[in-house]
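The sequence shown begins at 10 in the working numbering and counts up by one.
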Amino acid sequence: ALQIHARMAAIELSSPKSAVAKVHVPFLFPDPSNHHLDLTVSRSVVEGLLTTFLQENISEEFQGSLLSRHLPLPKDVPSLFSSILTELLEQSEQMPTSIDHILVVGGASRIPL
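Rendered as structure tokens:
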């Protein structure tokens with residue numbers, strides 16, 4: 010149940026109209042005086058957590074395989090995308106002007122960044 014509500018909050022935060030998401034999970038805790046989870050999550054908190062995760066994990070994991078060797082290690086999501094796209098262009102021997110659109114698919118494309 011918690012995972013479903015977390016996904017719903019992420020989807021809500023992916024909307025440009027929503028800066029906060031309310032999470033209510035009934036009967037999550039065994040304590041009868043307080044057994045519901047009620048909290049509000051802001052987009053800035055999620056962005057901060059994702060940036061921290063990126064800085065600690067993804068840069069090291071991708072280094073040498075997907076990241077451009079000509080750019081500094083990414084510190085945030087936009088610089089991660091730039092580095093990956095630069096490496097893809099270099100490997101495919103394409104110029105940025107040859108790309109008309111970029112389609113981002115999957116769960117990560119809904120991340121509110």
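The beta-carbon is built from N, C-alpha and C at its ideal position, and this holds for glycine as well. What you are looking at is a predicted structure, and each value in this text was computed from that prediction instead of being measured.
- Burial check for SER24: the Cβ neighbour count within 10 Å stays below 16, so the residue is exposed.
- The closest CA to that of VAL86, considering only LEU58, SER27, VAL32 and ALA10, is found on LEU58.
- Taking a 10 Å sphere around the C-beta of SER74, we find fewer than 16 other C-beta atoms and assign the residue as exposed.
- Just measuring C-alpha positions, the residue of SER101, GLN100, MET104 and ILE93 sitting nearest VAL113 is ILE93.
- Per the coordinates, the alpha-carbon of ALA19 lies some 8 Å from the alpha-carbon of ALA30.
- According to the DSSP assignment, VAL32 belongs to the beta strand (DSSP E) that extends over 29-34.
- Between SER77 and GLU102, the gap from beta carbon to beta carbon reaches 7 Å or more.
- Secondary structure of VAL86 (DSSP, three-state): helix.
- DSSP, read as helix, strand or coil, puts LEU94 in helix.
- Annotation: the region 35-61 contains no complete segment of the alpha helix (DSSP H) (minimum length 4 residues).
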